[in-house]
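Worksheet for the structure shown next.
Residue numbers (our numbering): 175 to 502.
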């Protein structure tokens, strides 16, 4: 009873459609499923129960960077939602920096409770927010595992108030390229084929295009590369298990990985991606994206031909027509 009342209070203050049955995302009717979302949740829960500490170094670095980026925006935010970020690091950093009055955390499978901030069971692909209910939306290291990234971005933009801000980061680019290449080489040598072992990641330009397609104004994307060094490939896999981020592709092989393939992949990794001291590299590319919900006060590009000063005058050069040749 107390939990139900708490959920109703959150809904009244923050603006949810239906907490127990979020609206169907019709954009999900089209795209094929790439990730087994239930398996991702299961592995995150399993990782939280292990005696090995959760490997949260990427989350901590991204949460700190998010707050630093947000500090460049000279504005206070009354209501914010952190969408799908694993663990409460982002919420804790947002509350500590003083720019955000209230933060609600949306998580499909929360593995850790944070009594100081409300958690709503929700999915990045089926957001329960009413249109125009948020001043700020954030998401760290979650959106790379959704099956419909365009649809998720559209829903985030819809949930923002006019001139509301979305700021997030997802894994993309060449993330884990060394691991992907090592497994592909080993399986090709020993089995004559290759099974998908590492998830595909979106590139910088693709993410920027999706941000525009979702209807965000003033979209900005950039990339941060974090290179982590390990002793062996098995240490990379250990951290991925501790993150709950091992292979969850729908098209993954269900057959147990042969020991010979695993050992050969480790050898290839060491041959191709080792530094002079023998330690190997693992690449994590964080793609940062930000955009604003449309509002009439935002800057707009000028219409072609509306300039009042010639470029030649600004540069101090002589203007020539397209048919003129230099020296004539």
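From the three backbone atoms N, C-alpha and C, an ideal C-beta is built for every residue, glycine too. All figures in this text were calculated on a predicted structure; none of them were measured in a lab.
Closer than 8 Å by C-beta to residue i: which residues in its own chain qualify, once you throw out the five before and the five after it? Chain order, please.
i	result
residue 503	Limits of the chain in this structure are 175 at one end and 502 at the other, which puts residue 503 out of reach.
residue 378	346, 347, 395, 396, 397 and 461
residue 401	455, 456, 457 and 458
residue 482	none
On the three-state DSSP scale, how would you describe residue i?
i	result
residue 328	helix
residue 419	coil
residue 401	strand
residue 372	coil
residue 281	strand
residue 413	helix
residue 209	strand
residue 194	Model confidence at residue 194 stands at a pLDDT of 40, short of 50, so the residue's coordinates are unreliable and nothing is read from them.
residue 456	strand
residue 363	helix
residue 390	coil
residue 382	helix
residue 442	helix
residue 396	strand
residue 322	coil
residue 230	coil
residue 483	coil
residue 424	coil
residue 407	helix
Thinking C-alpha only, which one of the options is nearest residue i?
i	options	result
residue 320	461, 211 and 441	211
residue 405	270, 456 and 367	456
residue 314	386, 237, 267 and 359	237
residue 337	391, 448 and 411	391
residue 232	222, 440, 261 and 223	261
residue 534	359, 420 and 435	This structure cannot settle anything about residue 534, because the visible part of the chain is limited to 175 through 502.
residue 294	255, 376 and 328	255
residue 444	471, 426 and 409	409
residue 407	393, 352, 470 and 428	352
residue 213	451, 491, 430 and 426	426
residue 365	384, 431 and 449	431
residue 369	450, 471 and 428	428
residue 221	411, 209 and 269	411
Checking the sheet assignment: what are the DSSP bridge partners for residue i?
i	result
residue 341	312 and 464
residue 274	251
residue 334	308
residue 448	454
residue 346	459
residue 214	Partner(s): none; residue 214 has no beta bridge.
residue 294	280
So, for residue i: in the same chain, excluding its five sequence neighbours on each side, which residues have a beta-carbon less than 7 Å away from its beta-carbon?
i	result
residue 333	301, 303, 305, 307, 308 and 311
residue 229	413, 416 and 417
residue 349	375, 457, 458 and 459
residue 363	438
residue 442	356, 359 and 360
residue 448	454
residue 471	337
Going along the chain, which residues of its own chain have a beta-carbon closer than 6 Å to the beta-carbon of residue i, five neighbours each way excluded?
i	result
residue 340	311, 330 and 465
residue 344	317, 318 and 461
residue 271	241
residue 389	331
residue 239	none
residue 328	388
residue 176	For residue 176, the pLDDT reaches just 37, beneath the cut-off of 50, and the residue's location in the model is therefore unreliable, although a value from the coordinates is still provided. Excluding sequence neighbours, residue 176 sits near nothing in its chain.
residue 382	395
residue 296	280 and 302
Tell me, to the nearest whole angstrom, how far the beta carbon of residue i is from that of residue j; I am working on the premise that it is less than 8 Å.
i	j	result
residue 279	residue 265	5 Å
residue 253	residue 316	Residue 253 to residue 316, Cβ: 19 Å. No contact.
residue 241	residue 263	Contact flag wrong, Cβ pair sits at about 10 Å.
residue 399	residue 453	17 Å between Cβ atoms; not a contact.
residue 356	residue 439	4 Å
residue 299	residue 322	6 Å
residue 325	residue 463	Residue 325 to residue 463, Cβ: 15 Å. No contact.
residue 424	residue 207	5 Å
residue 273	residue 234	Wrong, their Cβ atoms sit about 19 Å apart, outside the cutoff.
residue 250	residue 467	Actually they do not touch by this definition, with Cβ atoms about 17 Å apart.
Beta-carbon of residue i versus every beta-carbon of chain B: anything under 8 Å?
i	result
residue 432	The structure shown contains no chain B, having only a single protein chain.
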